[in-house]
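So for the sequence shown, our numbering puts the first residue at 65; every next one is plus one. Idealized CB from N, CA, C, for every residue including glycine.
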Amino acid sequence: GDNPAPEKALSWRERLKAGLARTRASFGGKLKTIFSRGKVDDELLEDLETLLLTSDVGIEATDYLLQELKSSAKRNRLETPEAIQQALSDALYTLLQPLEEPLNVETHRPFIIMIAGINGAGKTTSIGKLAKYFQAQGKSVLLAAGDTFRAAAREQLQIWGARNGVTVIAQESGDAAAVIFDAIAAAKARGIDIVLADTAGRLPTQLHLMEEIAKVRRVIQKADP
65 GDNPAPEKAL
75 SWRERLKAGL
85 ARTRASFGGK
95 LKTIFSRGKV
105 DDELLEDLET
115 LLLTSDVGIE
125 ATDYLLQELK
135 SSAKRNRLET
145 PEAIQQALSD
155 ALYTLLQPLE
165 EPLNVETHRP
175 FIIMIAGING
185 AGKTTSIGKL
195 AKYFQAQGKS
205 VLLAAGDTFR
215 AAAREQLQIW
225 GARNGVTVIA
235 QESGDAAAVI
245 FDAIAAAKAR
255 GIDIVLADTA
265 GRLPTQLHLM
275 EEIAKVRRVI
285 QKADP
C-alpha cells in the first residue's frame, strides 16, 4: 500500500509555542485545582508554595506572593476560586510591574549587557535574540564569548555571528573577564553601540563562579567607567 505522507517538521517557533502551551496548561490546571477549594487556608497556601517553587518562581517571589494572598484574604474575604485567582494575579502584577521599564541603551556607548544564569537557561540563545532586536533598531552590536568553560557555547556564538554579520570576540582559553575586557576595547575602537557578554552557566551556591561574575563586573567598570 501507499506509505503515509511524512508529517511536516515543526519550526522551532512552533515547537516553542507548543511547549509553552503545554507548560501553561499544566501550571494553569494545577492552579485551578488548588483554587477550587474556594478558601485561603494553610493547606491551600502549602500547595501553592510547592507549585510555585517547583515551577522556578524563586523563594523570595514565592514568599511575597503567599504573604500578599494571605493579606488579601484577610482584607477581602476571598471565598471563590475566581477571587483567589484574581488576588494572586494582582500580586504578580505588582511584583513584575517595575520590570516593565524600557531598556534605555542611549545612556552609554558602548552599552554593556552581561548575561548570567544557570546551565541550560538559554543564555546564548537569548544573546542571539537580543542582538537581532538591537540590530532591528539600527544599533551596531558586538558579542563577547565569555563562557570559557564550554567550547560549544563559544562556537554557537561564532556561527551565529558569522551568519548575521556580527563580530564575536573570543579566546581559545583564558578567563571570562579577559574576553569581555577585549570585547569592550574592540567596541570602543569601532564605535559599537552595544556589547552583549555571554558567561558560563553557574548556580548561586558555586561561590568560586559567583566570584568570577563579580570579577567580570569589576573589569567592565574598569574598562568602561
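Check, Outcome
"Look at the Cβ atom of Phe198, then the Cβ atom of Ile284, and state whether they are nearer than 8 Å.", "no"
"Do Thr97 and Glu113 have their CB atoms nearer than 8 Å?", "no"
"Out of Lys252, Gly192, Leu142, which has the shortest C-alpha to C-alpha gap to Arg227?", "Gly192"
"Rounded to whole angstroms, how far is the Cβ of Ala234 from the Cβ of Arg218, which I believe are closer than 8 Å?", "5 Å"
"When the distance is taken between beta carbons, is Leu167 closer than 8 Å to Leu152?", "no"
"If we call anything under 8 Å between Cβ atoms a contact, is Leu260 one with Ile179?", "yes"
"Compare the C-alpha of Tyr128 against each of Leu160, Thr144, Arg101, Phe99 and name the closest.", "Leu160"
"Would you list the residues sitting across from Thr263 in a DSSP beta bridge?", "Gly210"
"Tell me, please, which residues DSSP counts as bridged to Ala178.", "The question names Ala, but residue 178 is Met in the sequence shown. DSSP output for Met178 lists Ala261 as bridge partner(s)."
"With a cut-off of 8 Å on the beta carbons, I'd call Val243 and Ala216 a contact; round off their distance for me.", "The Cβ separation is near 16 Å, so there is no contact."
"Tell me which same chain residues have a C-beta within less than 8 Å of the C-beta of Ile123, skipping the five on either side of it?", "Leu117"
"For Leu271 and Ala185, I'd like the C-alpha separation in whole angstroms.", "19 Å"
"Considering only C-alpha positions, which residue in the set Lys203, Ile182, Ile176, Phe99 is nearest to Leu142?", "Phe99"
"Per DSSP, which residues does Thr231 bridge with? Please list them.", "Leu206"
"Which of helix, strand or coil does DSSP assign to Asn140?", "helix"
"Is the Cβ-Cβ distance between Val230 and Lys203 less than 8 Å?", "no"
"For Asn183 versus Gly238, is the C-beta spacing smaller than 8 Å?", "no"
"Give the DSSP-derived three-state secondary structure of Pro268 in the structure shown.", "coil"
"Return the CA-CA distance between Arg282 and Asp288, expressed in angstroms with no decimal places.", "10 Å"
"Span of the alpha helix (DSSP H) holding Asp106?", "106–118"
"For Ser90, does the three-state DSSP call read helix, strand or coil?", "helix"
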